[in-house]
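Working notes for the structure below.
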Amino acid sequence: MEEYSIIPIKVGEFLAIEKSNLTYQLDCGQKLVAPIIMYLIKGRDKAILVDTGASDEDWAKKYHHGLRRPPELHPVAGLKKAGVGVEDIQFVINTHLHWDHCFNNSLFTDAKIFVQKREMEYAVSPLPPHYVYYESHQIGMRPQWFNGYERIEAVDGDTNLLPGIDLVTIPGHTPGMQGVLVNTAKGRYLIASDCLGLFENWTGNGIHKHIPSGIHFRLDEYYRTFEKMEKICDFVLPGHEPRVFDHEKYPY
Ligand SMILES: [Zn+2]
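With my numbering as the guide, the letters of the sequence shown map in order to residues 1 to 252.
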């Protein structure tokens, strides 16, 4: 089985994210500085990108909330630092279609883009509190993932992408959320994205074994997802966790 390494790339930083958006009903009112993360998976001759980050500072301020993204945190600069050019990316995987995970899909003109069919269906007609996360037409916006739409491969359920890389459905945060299960020299890493905003979502707080995101679609599906994750992976990598950058790459 081919083994890969995973490099987290910071492509911006939310300046003051409401913590309970990440940890459901916990620590309301606390604000966090939280990174926006792309994960680069490197194999012998392959470069796969999981998520493409958020917008620049002006767009984020106008439509969402404060974000810091100096030039060195632009996705192209981040990839370059990891030794990869946009043209080297053969596969882009969107874990889900929230704006801060697919905003730069259009940069990767040589890549196929893998998205769950269920996520695409929901993204065009979400529930009202989720309009802004998808930048949907109901609030007069045009979703960024439409740029690159012609290169999307709609995936339907758990799918083997490459030897050692599987797309696994982990619904809850969104209906069509997918994680990326990666075989490495030290075990199976699940890139869980916003299913786990922080490591705390996975390790729990002593009362709750796992903690769902404050932003979610269905909690019953979320808890089944947690059960599934316990069975399929050895390690998890969250969506907005500062401590991910304690290591340059995984496994470490
Ligand atoms: Zn999200």
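Every residue, glycine too, gets a C-beta built ideally from N, C-alpha and C.
Per DSSP, D166 lies in no alpha helix (DSSP H) segment; the continuous beta strand (DSSP E) that holds it begins and ends at I165 to T169. Going by DSSP, N201 is part of the alpha helix (DSSP H) stretching over F199 to T203.
Nearest neighbour of V236 by Cα position, chosen from E200, S213 and D27, turns out to be E200.
For the stretch 115 to 167, the continuous beta strand (DSSP E) assignments of 3+ residues that do not extend past its boundaries occur at 152 to 155 and 159 to 162, in sequence order. Counting only residues whose CB is nearer than 5 angstroms to a non-hydrogen atom of ligand 1, the list in chain order is H98 and D194. Under the DSSP assignment, F226 falls in the alpha helix (DSSP H) whose first and last residues are L219 to I232. Measuring C-alpha to C-alpha distances from D45 to each of F226, P251 and L162 identifies L162 as the nearest. Taking a cut-off of 8 angstroms on C-beta distances, the stretch 105 to 123 touches the stretch 144 to 155, as three or more cross pairs fall below it. Going by C-alpha positions, A154 is about 32 angstroms away from S20.
Taking every protein chain shown into account, the CB of R243 has fewer than 16 other CB atoms within 10 angstroms, so this residue is exposed. Only buried fits L49, as 16 or more other CB atoms lie within 10 angstroms of its CB.
S55 sits in coil when the DSSP states are folded into three classes, being neither helix nor strand. The beta-bridge partner set that DSSP reports for A34 consists of F14.
Taking a contact as a CB-CB distance under 8 angstroms, the pair G53 and V11 counts as one, their CB atoms being some 4 angstroms apart.
Between the alpha carbons of A34 and R151 lies a distance of about 30 angstroms. The beta carbon of K228 sits closer than 8 angstroms to the beta carbons of V168 and I170 from its chain, once the five residues preceding and following it are set aside; these are given in chain order. A residue is called buried once 16 or more other Cβ atoms fall within 10 Å of its Cβ, and A60 is buried on that count. In the DSSP assignment, no residue is bridged to P212.
A direct Cα-Cα distance of roughly 14 angstroms separates V182 from P8.
For V92, the pairing in a beta bridge is given by DSSP as L49 and I113.
Residue pairing for G187: DSSP places it in a beta bridge opposite T184.
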